[in-house]
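Novice:
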Amino acid sequence: MTDLSSVESYLPQIVAAPDLTALESLRIAALGKQGEVTVLLKTLGKMSPEERQARGPAIQALREAVTGAIADRRETLERAALDARLAAETLDMTLPVDAPPTGSVHPVSQVMDELAEIFADLGFAVATGPEIETDENNFDKLNIPASHPARAMHDTFYFEQNARTADGSAQSNPIDGGLAGVEARRMLLRTHTSPVQVRTMQAVADRTNGRGEPIRIIAPGRTYRSDSDSTHTPMFHQVEGLVIDRGITMGHLKWTLETFLRAYFERDDIVLRLRPSYFPFTEPSAEVDVGYTLTKGKRVIGGSDGWMEVLGSGMVHPRVIAACGLDPAEWQGFAFGCGIDRLAMLKYGMDDLRAFFDGDVRWLRHYGFSALDVPTLSGGISS
Ligand code: PHE
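Positions 19 to 401 (the numbering used here) are the ones given, in order, by the sequence shown.
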């Protein structure tokens, strides 16, 4: 018959159990169906009441001690096993990811980055303005009064002057900012980036109390006209350029455009042709063509086999300078406006403008740029 002392020897063994497997064997040996403690407990039933009273508490106490020791040891061993696993399973955050990045930079964004880079080198800052504009900034201050035929040419998207609520009551146009008491200005989607000229000059005039200071900015952004075919989309992109200083001439304009287009197309044989033109906000005005060469029936920028119009430009009209609060006797300047989508098409060889805005991932995969390649003049603008 099993005696208590041999069963008690389980206790030191349990405390010393090296791992969970060894502990489990001990548990079965002691507390399993045939286990020594279990067997001992069964002997209680066959004892006389006196004997049971004498030995019972000791056997019960032993069972509890063995059970408790096993639970304690199990917890210790499990915690040690977890610590060991945590120490072994480290995640190396510096390991390169297997999957290539899936997104790509849209050619329009890429070209905007290229423009910012090129013009930053020439000392131009990037300016912005809202796409929802007043007709004052988009037209009036640019010397295009309400009766001017150029307004009709622009196919403008206007907002309703007074929006009506569902119950038919008049409501001031929320886009006007609800200017109570002030005559509501007519809001529109800007038809060109030229209102940023106005905003920039006005900000300078305000800041300097009308004294003025030199300005050199480009303003890339979205523009809108009600027009749609293979070369026109209702939303398109332009970049505006504005230089204001003392003694600015057409020579500065031509040099700046030549330098810009050579850097942009990454060719030295870029030839420009300035054609007299008309814009209400510049005088004189010039449309700028860039020469191309016919290579295997394809137009390649550079040389002068033929000419492609790329931008509009001119000397800022003195009336515009005055309307923005600066003295045109002291300050002169030039401005230009250029279609970004078209610049992208010419450089990267896309031929349908509408594909730019279809959001087709196959097109983006083909024409998109890696997000990690940032254009720089030193590293190659389009690399
Ligand atoms: N805003 C003109 C357009 O959209 C372009 C332009 C800008 C022309 C600046 C001259 C000077 O057609």
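Even for Gly, the Cβ is constructed at its ideal location relative to N, Cα and C.
1. Residue 147: which of 120, 211, 116 and 327 sits nearest, CA to CA?
2. Hey, out of 117, 220 and 239, whose CA is closest to residue 230's CA?
3. Under 8 Å, do residue 264 and residue 253 count as touching if we go by C-beta distance?
4. Tell me the residue span of the alpha helix (DSSP H) that contains residue 85.
5. At the level of alpha carbons, what is the spacing between residue 394 and residue 98?
6. Per DSSP, which residues does residue 150 bridge with? Please list them.
7. The ligand PHE and residue 151: does the residue's C-beta get closer than 7 Å to at least one heavy atom of that ligand?
8. Hey, how far is the Cα of residue 157 from the Cα of residue 314?
9. Can you determine whether any heavy atom of the ligand PHE sits closer than 7 Å to the C-beta of residue 355, and answer yes or no?
10. Hey, quick one: how far does the beta strand (DSSP E) through residue 306 stretch, first residue to last?
11. The beta strand (DSSP E) that contains residue 47, what's its start and end?
12. What are the boundary residues of the alpha helix (DSSP H) that includes residue 377?
13. Nearest CA to the CA of residue 173: which residue from 206, 154 and 285?
14. Can you tell me whether residue 111 is buried or exposed, with buried defined as 16 or more other CB within 10 angstroms of its CB?
15. What I want to know is whether the C-beta of residue 350 ends up closer than 7 Å to one or more non-hydrogen atoms of the ligand PHE.
16. Per DSSP, what kind of secondary structure is residue 157 in: helix, strand or coil?
17. Closer than 7 Å by C-beta to residue 249: which residues in its own chain qualify, once you throw out the five before and the five after it? Chain order, please.
18. Taking the CB atoms as reference points, tell me whether residue 55 and residue 33 lie closer together than 8 Å.
19. Which stretch, first to last residue, makes up the alpha helix (DSSP H) that contains residue 368?
20. Within 10 angstroms of the Cβ of residue 335, are there 16 or more other Cβ atoms? Answer buried if so, exposed if not.
21. By how many angstroms is the C-alpha of residue 297 removed from the C-alpha of residue 305?
22. If you drop the 5 nearest sequence neighbours on each side, which residues of the same chain put their C-beta closer than 8 Å to that of residue 389?
23. Mapping DSSP to helix, strand and coil, what is residue 217?
24. Using only the heavy atoms of the ligand PHE, determine whether one of them is closer than 7 Å to the beta carbon of residue 175.
25. Can you tell me where the alpha helix (DSSP H) with residue 30 in it begins and where it stops?
26. Measuring only the C-alpha atoms, how far is residue 367 from residue 204?
27. List the whole-angstrom C-beta distance separating residue 233 from residue 222, where the pair is believed to meet the contact cut-off of C-beta under 8 Å.
28. Assuming residue 353 and residue 258 are in contact, meaning their beta carbons sit under 8 Å apart, how far apart are those beta carbons, in whole angstroms?
29. What are the boundary residues of the beta strand (DSSP E) that includes residue 349?
30. Who are the near neighbours of residue 128 in its chain, counting only those whose CB is closer than 6 Å to its CB and skipping five residues on each side?
31. Checking 8 Å against the spacing of the C-beta atoms, do residue 260 and residue 276 come in under that value?
32. From the DSSP output, in three-state form, read off residue 12 for me.
33. Would you say residue 107 reaches chain D, if we count a Cβ-Cβ gap shorter than 8 Å as a contact?
34. Put residue 255 into one of helix, strand or coil per three-state DSSP.
35. CB residue 2 to CB residue 288, shorter than 8 Å?
36. Helix, strand or coil: how does DSSP classify residue 135 here?
Specialist: By the coordinates alone:
1. 211
2. 220
3. no
4. 67-106
5. 54 Å
6. 207
7. no
8. 44 Å
9. yes
10. 300-313
11. Run containing residue 47: none in the beta strand (DSSP E); it sits in the alpha helix (DSSP H), 38-49.
12. Here residue 377 belongs to no alpha helix (DSSP H), and DSSP marks it neither H nor E.
13. 206
14. exposed
15. no
16. coil
17. 371
18. no
19. Careful: residue 368 lies outside any alpha helix (DSSP H) and carries neither H nor E.
20. buried
21. 10 Å
22. 119, 121, 122 and 123
23. helix
24. no
25. 28-34
26. 39 Å
27. 6 Å
28. 7 Å
29. Where residue 349 is concerned, there is no enclosing beta strand (DSSP E), given that its DSSP letter is neither H nor E.
30. 387
31. no
32. What is shown of the chain runs 19 to 401, which leaves residue 12 out entirely.
33. Looking at the structure shown, chain D is missing, and only one protein chain is on hand.
34. strand
35. Only positions 19 to 401 of the chain appear in this structure, which leaves residue 2 out of reach.
36. helix
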